[in-house]
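Residues in the sequence shown are numbered consecutively from 222, following our numbering.
One structure below.
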Amino acid sequence: MRVTWDEKTCIHSGECIHNLPSVFTKVDGKFTIIQDGATEEEIRKVVKGCPSGALKIQE
Numbered sequence: 222m223r224v225t226w227d228e229k230t231c232i233h234s235g236e237c238i239h240n241l242p243s244v245f246t247k248v249d250g251k252f253t254i255i256q257d258g259a260t261e262e263e264i265r266k267v268v269k270g271c272p273s274g275a276l277k278i279q280e
């Protein structure tokens, strides 16, 4: 499983960072995904809840 983020689609609501900051965070002002920061189930839940659909899962 790999999580991707489409910057052009993102509406920057912050839902991902708020709900799972151990995975979705900003480093030096840049959005960063640290996939080993949570379980696959937790990550899938947050990706599914992305309001813009900017987060996707590639199997």
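Even glycine gets a Cβ: it sits at the ideal position worked out from N, Cα and C.
Keep in mind that this is a model prediction, so the values were computed, not measured.
How is residue 232 classed by DSSP in three states: helix, strand or coil? Residue 232 sits in coil when the DSSP states are folded into three classes, being neither helix nor strand.
Measuring alpha carbon to alpha carbon, tell me which residue in 263, 277 and 278 is nearest residue 240. With distances taken between Cα atoms, residue 240 lies closest to 263.
Beta-carbon separation (whole angstroms), residue 275 vs residue 227, contact threshold 8 Å: The distance from the Cβ of residue 275 to that of residue 227 is about 5 Å, consistent with a contact at the 8 Å cut-off.
Boundaries of the alpha helix (DSSP H) in which residue 268 is found, first to last residue: Bounds of the alpha helix (DSSP H) holding residue 268 are 261–269.
Going by DSSP in three states, residue 254 sits in which element: helix, strand or coil? It is a strand residue.
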